Structures are given as structure tokens and as C-alpha cells.
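Peer 1: Pasting in a structure now, in C-alpha cells, and then I'll have a few things to ask.
Number of protein chains: 2
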Amino acid sequence: MLSGMTEEDAAGRPYHHGNLRRALLTAAATAIEDSGPAGLSLRDLARRAGVSHAAPAHHFGDKAGLLTAFATEGFEMLADTLARVGEESGGSLLELGVGYVMFAVRHRAHFEVMFRPELFHRDDAGLTAAQQRTRAALRAGVAGLPAAPVGPAAAHSELAAWSIAHGFATLWLGRALRTDQIGDDPEAAARLVLSRLFAPLG
Amino acid sequence: MLSGMTEEDAAGRPYHHGNLRRALLTAAATAIEDSGPAGLSLRDLARRAGVSHAAPAHHFGDKAGLLTAFATEGFEMLADTLARVGEESGGSLLELGVGYVMFAVRHRAHFEVMFRPELFHRDDAGLTAAQQRTRAALRAGVAGLPAAPVGPAAAHSELAAWSIAHGFATLWLGRALRTDQIGDDPEAAARLVLSRLFAPLG
DNA sequence: GTCGGGAACTTGTCACTATCAAGATTGCCT
DNA sequence: AGGCAATCTTGATAGTGACAAGTTCCCGAC
Numbered sequence: 001m002l003s004g005m006t007e008e009d010a011a012g013r014p015y016h017h018g019n020l021r022r023a024l025l026t027a028a029a030t031a032i033e034d035s036g037p038a039g040l041s042l043r044d045l046a047r048r049a050g051v052s053h054a055a056p057a058h059h060f061g062d063k064a065g066l067l068t069a070f071a072t073e074g075f076e077m078l079a080d081t082l083a084r085v086g087e088e089s090g091g092s093l094l095e096l097g098v099g100y101v102m103f104a105v106r107h108r109a110h111f112e113v114m115f116r117p118e119l120f121h122r123d124d125a126g127l128t129a130a131q132q133r134t135r136a137a138l139r140a141g142v143a144g145l146p147a148a149p150v151g152p153a154a155a156h157s158e159l160a161a162w163s164i165a166h167g168f169a170t171l172w173l174g175r176a177l178r179t180d181q182i183g184d185d186p187e188a189a190a191r192l193v194l195s196r197l198f199a200p201l202g
Numbered sequence: 001m002l003s004g005m006t007e008e009d010a011a012g013r014p015y016h017h018g019n020l021r022r023a024l025l026t027a028a029a030t031a032i033e034d035s036g037p038a039g040l041s042l043r044d045l046a047r048r049a050g051v052s053h054a055a056p057a058h059h060f061g062d063k064a065g066l067l068t069a070f071a072t073e074g075f076e077m078l079a080d081t082l083a084r085v086g087e088e089s090g091g092s093l094l095e096l097g098v099g100y101v102m103f104a105v106r107h108r109a110h111f112e113v114m115f116r117p118e119l120f121h122r123d124d125a126g127l128t129a130a131q132q133r134t135r136a137a138l139r140a141g142v143a144g145l146p147a148a149p150v151g152p153a154a155a156h157s158e159l160a161a162w163s164i165a166h167g168f169a170t171l172w173l174g175r176a177l178r179t180d181q182i183g184d185d186p187e188a189a190a191r192l193v194l195s196r197l198f199a200p201l202g
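So the sequences go chain by chain: A and B.
The first sequence begins at 1 in the numbering used here and counts up by one.
The second sequence begins at 1 in the numbering used here and counts up by one.
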């Protein structure tokens, strides 16, 4: 068998079969992009990774466990993205919204799972931690505004900003937006639409 | 057997088994509210309706066909709701947004299917007609504003209004909003958040 | 009235899936 | 070297969507 080291072996911990956990999560992303989270099959992931049909369950417990890990990964990526955008743009709320939308477009599979709590274990510790990191990044965006609201108004503004970015992203992914009215570039489209309402805020 | 007429028989066309098509759609709503669209099972619907496991396929072709009919029903209900709200409120865009959110809360099952095109047959004629009816109701809300935008700006405002209402509804259903910051009444919460951004528009 | 024709539904089957139980392999630590 | 635990496999069960072929029943034409 040559007991071969496969792929990305140096970074992770080399197990029996390289880093199966990572390989499964990566395979899940492309599988979900193709058929959506509903069509995801643990056995299909196992086939893609070249392992037996029951191997995934060992790492994640069950299907919901795998999607919990997948959603957690997504929230961490989103928190990183928002933090980076907030830094690079000097705290522009519009750019934060555009970054949110672009994350959804670029990581569709993750985004679609992240906000579907019936698919994963909602009370997982790692998951809730990653969710709070994302929430904090959003809150920072509103807090950094020139005329930042305080008290309950701050929460409302935060939710309003989150809602419009999230809604645009969701509608775009669901192909609900006609491309003949808004074009086919999500970044330009998001900037046009979000600026309608972000602008008065900052 | 008494060849009994069952339930709502006078309204529809009395078939073999009453109105199975309607019964299946109704059962689907409660099933989806319990387990989400992914957990929906045609065989479970058949059991609830007291028919054999293959009966649903006869009416809807396949699972996607049933969800196509379900989504169509949802778009028609939403279009009706928005038209009624627009009338009753004298064309308030804020009320239209609140109505949108409340539709999502009150008809969660329909709403969750409507914007998940991978679940149904996207090119169904009845479906696209109902979708356009909904879009028209939204457009009318923006067009009725005191300082209604024209040209491309109208489309952007329409999409902005749609986005924030849709985003708030989605986040609320996904339990992403903390109830300790915004309360647990969706109508009041929606009014607070949407007014943040609808207000400057009208 | 009866008698086809067709719609509504049933029965049976196949391939696929998630989940569980129990065994086999392999790296690692003492 | 020996043992141990984690990784992975094999096997089996119950449930699912889809398909094919049969059965029941209404309804309109003759």
C-alpha cells in the first residue's frame, strides 16, 4: 500500500487516511453548491473522499453534526471577512454590507447552511461562539458610524443594516432578482441597492 | 361504505377520496412547519391523508411538483396580502414591509419554500405568474410614495425595500435575532427595525 | 341501462439513504 | 514489544422517491 501520505498532510494531523474531516467538509461545499443542502448525502461525500459509507458518521456523529461543523466554519469565515472589510474600508457601513453580500455569493454553500437552524445542532458550543463573533463584527460596523446611535436605537440600526444585506444576499442567491433590471454583477448591484438605505445612515 | 362525502366537498370537485390534492397541500404546510422542507416526505403526507404511499405522485408528478404547487399557493397568498395591506394602509411602504414580515411569520412553511428554487420546478407557468403578481404588488408600494423615484432609481428602491423586509423575515424565522434585544412580538419588532430605513423614504 | 374510457388510487418493487452495531486496521505511547 | 484508542470497514435495518402495472370508480355516450 505504500501507506501513502495524501494531499494536505503536512498542515493537519496525518491520520489513517490523511485528513478526512477536512476532506469531507471541502467535498460538502461543492456538493451543496450543486444540489443544495437538502440533497446532501453522507454516502456521496464518502465516495468523493474514497472512504467507506460509514466513515463520515464517525467524525461528525450524524448528518446534522457535519452541517454543524460546516455552519461553524461559515460563521468564522464571515466574521473574518467582515473584520477585514471593516478595517480596509475605514469603517464604512456600506462596504460592510457589500462584503456581507459578496461572502454569500462566493461561499454560497456555507451561507445557505448557516441560516437554516433545522439542519444542524443549534446549541453546539463552537457554533454559538462563531455566531457571536459574527454578530460582534456587525455591531462594530454600526458603532463606527459618524453619528452612531446609542441605546435601543443602536440595536435597531444594527438589525436594519443586517436585514437589508441579508435580504439582498438571500434574494440574489435565490435568483429572485431579475438581471435585466439590476445587472449580473452582484457587487455592483449590492452597492446600488444598499446605498439607497445605508447612505442616510452614514 | 355509505360512499360518504368528506369534508370540504361542496366547494371543490368531489373525487374518489374527497379532495386529495387540497388535503395534501394542507398536510404539507403543517409537516413543513414541524420539520422544514428538507424533512418533508411524500409518504408521510400520504399517511396523514389516509391514502396509499404512491397517491401523492399521481397528483403532483413528483416531490418537486408538490412543492411547486405549494410555492405557487404561497405567492398567490402573499400577493393578496400585500394588495390588501396597500389598500388598507393608504399606500404606506412601512406597512407593506410589516405585512410582508407578518406573512412570513404566519405562513412560515409557504415562505420557506417560496424562495428555495432548488426545491421546485422553477419554470412552471402558474408559478411564474404568481411570482409576477407578487412583484407587481411590491412595485406598487414604491410607486405610491410621496416622492416616488423614477427610472432606475425606482428599481433600486424597490429592491432595497424588498431586501430589508425579506432579510428581517428570514432572520426572524431562522431565530437569528435575539429576543432580549428586540422583544418577541414580530410585528412590533418589524415596525421598529423597518422604520429605521423606510421612514426616510416615505 | 350498460358499457367503455379515463381519472383516481393501490400494490409491488428498486435503488438510494441515514443510522446503528460490531469488527478490523493502524498509529502512538509507555 | 505490548496495549490502547482512534480511525475506518462491513453488515444490517428502516425509511425514502420514483417507477410500473394493476384495480376501483365516476361519467357521459349510446
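Where a beta carbon is used, it is the ideal one built from N, C-alpha and C, also for glycine.
Computed from a predicted model, the values in this text were never measured in an experiment.
On the three-state DSSP scale, how would you describe Gly-18 of chain B?
Peer 2: strand
Peer 1: Is Pro-56 of chain B close to chain A, meaning its C-beta is less than 9 angstroms from at least one C-beta of that chain?
Peer 2: no
Peer 1: Please name the residue, chosen from B:Arg-22, B:Ala-188 and B:Gly-39, that lies closest to Glu-112 of chain B on a Cα-to-Cα basis.
Peer 2: Out of B:Arg-22, B:Ala-188 and B:Gly-39, B:Gly-39 has the C-alpha closest to the C-alpha of Glu-112 of chain B.
Peer 1: Looking at the structure shown, is Gly-141 of chain A part of a helix, part of a strand, or coil, going by DSSP?
Peer 2: Correct three-state label for Gly-141 of chain A: helix.
Peer 1: Hey, quick one: how far does the alpha helix (DSSP H) through Arg-175 of chain B stretch, first residue to last?
Peer 2: Here Arg-175 of chain B belongs to no alpha helix (DSSP H), and DSSP marks it neither H nor E.
Peer 1: Between the C-alpha atoms of Leu-171 of chain A and Ser-163 of chain B, what's the straight-line distance to the nearest angstrom?
Peer 2: 7 angstroms
Peer 1: Can you name the residues of chain B whose CB is closer than 9 angstroms to the CB of Pro-186 of chain A?
Peer 2: Ordered by position in chain B, no residue passes the 9 angstroms Cβ test against Pro-186 of chain A, which lies about 12 angstroms from the chain.
Peer 1: Using beta carbons (cut-off 9 angstroms, strictly below), is Gly-202 of chain A in contact with chain B?
Peer 2: Reliability of the predicted coordinates at Gly-202 of chain A is poor, the pLDDT of 41 falling under 50, and no value is obtained from them.
Peer 1: Can you give me the C-alpha to C-alpha distance between His-156 of chain A and Pro-146 of chain A, rounded to a whole angstrom?
Peer 2: 17 angstroms
Peer 1: Quick check: is the beta carbon of Thr-170 of chain A nearer than 9 angstroms to any beta carbon in chain B?
Peer 2: yes
Peer 1: Going by C-alpha distance, which of A:Ala-31, A:Arg-47 and A:Leu-25 is nearest His-59 of chain A?
Peer 2: A:Leu-25
Peer 1: Look at the alpha carbon of Thr-30 of chain B and the alpha carbon of Glu-87 of chain A, and state the distance between them as a whole number of angstroms.
Peer 2: 46 angstroms
Peer 1: Would you please state the rounded distance, in angstroms, between the beta carbons of Leu-20 of chain B and Ala-49 of chain B? I believe it to be under 8 angstroms.
Peer 2: The Cβ separation is near 6 angstroms, so the contact holds.
Peer 1: Excluding the 5 residues flanking Ala-165 of chain A on each side, which residues of the same chain have their C-beta closer than 7 angstroms to its C-beta?
Peer 2: Gly-97, Tyr-100, Val-101 and Leu-194
Peer 1: Is Leu-24 of chain A close to chain B, meaning its C-beta is less than 9 angstroms from at least one C-beta of that chain?
Peer 2: no
Peer 1: Note down the Cα distance separating Ala-109 of chain A from Arg-22 of chain B, rounded to an integer number of angstroms.
Peer 2: 34 angstroms
Peer 1: Is the shortest distance between the beta-carbon of Ala-143 of chain B and the beta-carbons of chain A less than 9 angstroms?
Peer 2: no
Peer 1: With burial defined as no fewer than 16 other Cβ atoms inside 10 Å of the residue's Cβ, what is the status of His-107 of chain A: buried or exposed?
Peer 2: buried
Peer 1: Excluding the 5 residues flanking Glu-8 of chain B on each side, which residues of the same chain have their C-beta closer than 8 angstroms to its C-beta?
Peer 2: Summary for Glu-8 of chain B: the model assigns pLDDT 36, below 50, so the residue's position carries little reliability; its value from the coordinates is reported in the next sentence. Excluding sequence neighbours, Glu-8 of chain B sits near Gly-18, Asn-19 and Arg-22.
Peer 1: Between Leu-78 of chain B and the rest of its own chain, which residues show a CB-CB distance below 7 angstroms, the 5 nearest in sequence each way excluded?
Peer 2: Closer than 7 angstroms at Cβ, skipping near neighbours: Phe-103 and Thr-134.
Peer 1: For Ser-3 of chain B and Ser-35 of chain B, what's the separation of their Cα atoms in angstroms?
Peer 2: Because Ser-3 of chain B carries a pLDDT of 38, less than 50, the predicted location of this residue cannot be relied on, and no value is offered for it.
Peer 1: In its own chain, which residues sit with a C-beta less than 8 angstroms from the C-beta of Leu-42 of chain B, not counting the 5 before and 5 after it?
Peer 2: His-53, Pro-56, Ala-57, Lys-63 and Leu-66
Peer 1: Kindly indicate if chain A contains any beta-carbon less than 9 angstroms away from that of Phe-115 of chain B.
Peer 2: yes
Peer 1: So, does the CB of His-59 of chain A fall closer than 9 angstroms to a CB anywhere in chain B?
Peer 2: no
Peer 1: Please compile the residues from chain B whose C-beta is within a distance smaller than 7 angstroms of the C-beta of Arg-175 of chain A.
Peer 2: Pro-117
Peer 1: In chain B, which residues lie less than 9 angstroms from Leu-82 of chain A when you measure between Cβ atoms?
Peer 2: Contacts between Leu-82 of chain A and chain B, judged by CB atoms closer than 9 angstroms, are missing: the closest CB pair is about 15 angstroms apart.
Peer 1: State the Cα-Cα distance for the pair Val-85 of chain B and Val-105 of chain B, rounded to the nearest angstrom.
Peer 2: So the alpha carbons of these two residues sit roughly 16 angstroms apart.
Peer 1: If you count every other CB in all the chains shown that lies within 10 Å of the CB of Glu-158 of chain B, and 16 or more means buried, which is it?
Peer 2: buried
Peer 1: Whose Cβ in chain A lies nearer than 7 angstroms to the Cβ of Gly-36 of chain B?
Peer 2: Glu-118
Peer 1: Does the Cβ of Ala-10 of chain B have 16 or more other Cβ atoms within 10 Å, making it buried, or fewer, making it exposed?
Peer 2: Residue placement at Ala-10 of chain B is flagged as unreliable, the pLDDT there being 34, under the threshold of 50; a coordinate-derived value is accordingly withheld.
Peer 1: Among A:Arg-47, A:Ala-71 and A:Pro-37, whose alpha-carbon lies nearest the alpha-carbon of Gln-132 of chain A?
Peer 2: A:Ala-71
Peer 1: Taking the alpha helix (DSSP H) that Phe-60 of chain B falls in, what are its first and last residues?
Peer 2: Where Phe-60 of chain B is concerned, the enclosing alpha helix (DSSP H) stretches over 55-60.
Peer 1: Pick out whichever of B:Ala-154, B:Ile-32, B:Asp-44 and B:Arg-47 has its Cα sitting closest to the Cα of Ile-182 of chain A.
Peer 2: Minimum Cα distance to Ile-182 of chain A is reached at B:Ala-154.
Peer 1: Note down, in chain order, each residue of its chain lying with its Cβ closer than 7 angstroms to the Cβ of Leu-197 of chain A, except the 5 sequence neighbours on either side.
Peer 2: Ile-164
Peer 1: 9 angstroms is my cut-off, CB to CB: does Val-204 of chain A come that close to chain B?
Peer 2: Examination of residue 204 of chain A is not possible in this model, given that chain A is present from 1 through 202 alone.
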